[in-house]
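S.K.: Handing you this structure, nothing more for now.
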Ligand code: HEC
Ligand SMILES: [Cu+2]
């Protein structure tokens, strides 16, 4: 009898040691390592809760095993017929829930502090990034510098490596040790920008702006994905955040602002573009922006996304084609691109569509033709 009790005590002690050790916190089976103060708090609540749950599980399992062994019928054990009349029998129904409630409250105390931090209505911030989800890509707007980025699934990952379907063509670049406000919204359905190591998550809701924040403590690459089932391409909107030093970020920001100014100047210039120039540019943009639905071979996905190869619109009246791309087709997945692409980009894409995949119309569409249709 005594030896079993000793063994149980020994086992419980060992479990306690294991739980308190760093081993579990760093295990690859645990949540990813936090790199933001609020995420760290959430992680700590998770660790406390898991530890308590594990200890309770061990105690209950031990009681069951003990009862199975010691209270066996073949040992002649007879159930206590007067248990409910004993002191413990009378009060257990009150004491046990009290203990459970006590444990719940002790968790709730830390959890509540974390919730208060998350729902702080006036958090400090040094910069703001607006994150826009759409089927199926992410757009980022740096509210302070005006930089806009579009981040698509990187589709040419060959051979399939560890980041297959988790890589993007353009990561979100953020500085470390900076308080960043993240605004979330979407152009179509619910999405959810989820990068567990650096930020807690809230839904992005069409017509609303929701808010989270981050303060990345360590340089590096952080990965995530959309966490709202947003349609057939839901699995194809991964997120990559590259956290760089403040200096590196300032330099990058300067370059981006200059590049955006140059691109805007180029798009609004009166230059007559040649077929070769537009075709090459168009191919590049098409493969970034349109390929997810209409496919690289222009054949679309039968029954879902129409083929542009041989399509009446992509080979017919140029004006109708331009209008379709500018304004989209309402009520379908075909978005309006007028706010996302400039005249030159749209002119190039349309020139490409009208001459690729055997659509040999020979049409060259200039940026000013697009401007005229806006
Ligand atoms: C999210 C999926 C999606 C993306 C991305 C997309 N399209 Fe579409 N596109 C559609 C759908 C769906 C239709 C069919 C709309 C309809 O029912 O008329 C369509 C129709 C079209 C048509 C008319 C084809 C026809 O024969 O009716 C053109 C042209 C077109 N898209 C061009 C583009 C261009 C250019 C881009 C990139 C800038 C693009 N699309 C990106 C989904 C998409
Ligand atoms: Cu999504």
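Residue numbers (this note's numbering): 14 to 387.
Beta carbons are placed, not taken as given, at the ideal position from N, Cα and C, and that holds for glycine.
Small disclaimer: the values here were computed from a predicted structure and weren't measured.
1. Beta-carbon within less than 7 Å of residue 98's beta-carbon, same chain only, minus the 5 sequence neighbours each way: which residues are those?
2. Please classify residue 378: is it buried, with 16 or more other beta-carbons within 10 angstroms of its beta-carbon, or exposed?
3. DSSP on residue 256, reduced to helix/strand/coil?
4. For residue 14, collect the residues of the same chain with a Cβ closer than 7 Å to its Cβ; drop the 5 residues on either side in sequence, then sort them by chain order.
5. Do residue 100 and ligand 2 come close, with the Cβ less than 7 Å from some heavy atom?
6. Let me make sure I understand the geometry here. Which of 263, 256 and 355 has the alpha-carbon closest to that of residue 295?
7. Measuring only from the beta carbon, is residue 382 closer than 7 Å to any heavy atom that is part of ligand 1?
8. Check whether the Cβ atoms of residue 51 and residue 163 lie closer than 8 Å to each other.
9. Should residue 149 be listed as close to ligand 2, given that the test is whether its C-beta is under 7 Å from any heavy atom?
10. Put residue 217 into one of helix, strand or coil per three-state DSSP.
11. Which residue marks the beginning of the beta strand (DSSP E) containing residue 195, and which one marks its end?
12. Report whether the distance from the Cβ of residue 306 to the nearest heavy atom of ligand 1 is below 7 Å.
13. Taking 7 Å as the cut-off, is the C-beta of residue 237 nearer than that to any heavy atom in ligand 2?
14. Alpha carbons only, please: which of 49, 60 and 54 is nearest the one belonging to residue 43?
15. Please report the distance separating the alpha-carbon of residue 345 from that of residue 225.
16. Residues bridged to residue 238 by DSSP?
17. For the region 261–344, list the alpha helix (DSSP H) runs that are entirely contained and at least 4 residues long, ordered along the chain.
18. Just to check, is the beta-carbon of residue 347 closer than 7 Å to a non-hydrogen atom of ligand 1?
19. Is residue 368 buried or exposed, if buried means 16 or more other CB atoms sit within 10 Å of its CB?
20. In whole angstroms, what is the alpha-carbon distance linking residue 254 and residue 209?
21. Just grab the DSSP bridge partners of residue 67 for me.
22. Alpha carbon to alpha carbon, how far is residue 260 from residue 183?
23. Which of helix, strand or coil does DSSP assign to residue 151?
24. Return the chain-ordered list of same chain residues with a C-beta closer than 7 Å to the C-beta of residue 301, the five sequence neighbours on each side being excluded.
25. As a quick exercise: from 118, 186 and 149, pick the residue whose alpha carbon is nearest that of residue 256.
26. For the 8 Å Cβ check, are there 3 or more pairs between the region 228–240 and the region 61–79?
27. Grab the span of the beta strand (DSSP E) containing residue 99 for me, first residue to last.
28. Which same chain residues, not among the five before or five after residue 241, have their C-beta less than 7 Å away from its C-beta?
29. At the level of alpha carbons, what is the spacing between residue 290 and residue 200?
30. Should residue 324 be counted as a contact of ligand 1 given a C-beta to heavy atom distance under 7 Å?
31. Using DSSP's beta-bridge definition, name the partner residues of residue 188.
32. Residues in the same chain with beta-carbon distance under 7 Å from residue 250, minus the five sequence neighbours each way, listed in chain order, please.
M.R.: Taking the definition as stated:
1. none
2. buried
3. strand
4. Unreliable positioning characterises residue 14 in this predicted model, as indicated by a pLDDT of 46, which lies under 50. A coordinate reading is not provided.
5. no
6. 355
7. no
8. no
9. yes
10. strand
11. 193–199
12. yes
13. no
14. 60
15. 30 Å
16. 207 and 251
17. 288–302, 304–307, 325–328 and 331–340
18. yes
19. buried
20. 11 Å
21. According to DSSP, which records beta bridges pairwise, residue 67 is partnered with nothing at all.
22. 20 Å
23. strand
24. 165 and 182
25. 186
26. no
27. Segment: none, residue 99 is in no beta strand (DSSP E) and carries neither H nor E.
28. 203, 204, 205 and 216
29. 31 Å
30. yes
31. 257
32. 149, 150, 151, 166, 238 and 239
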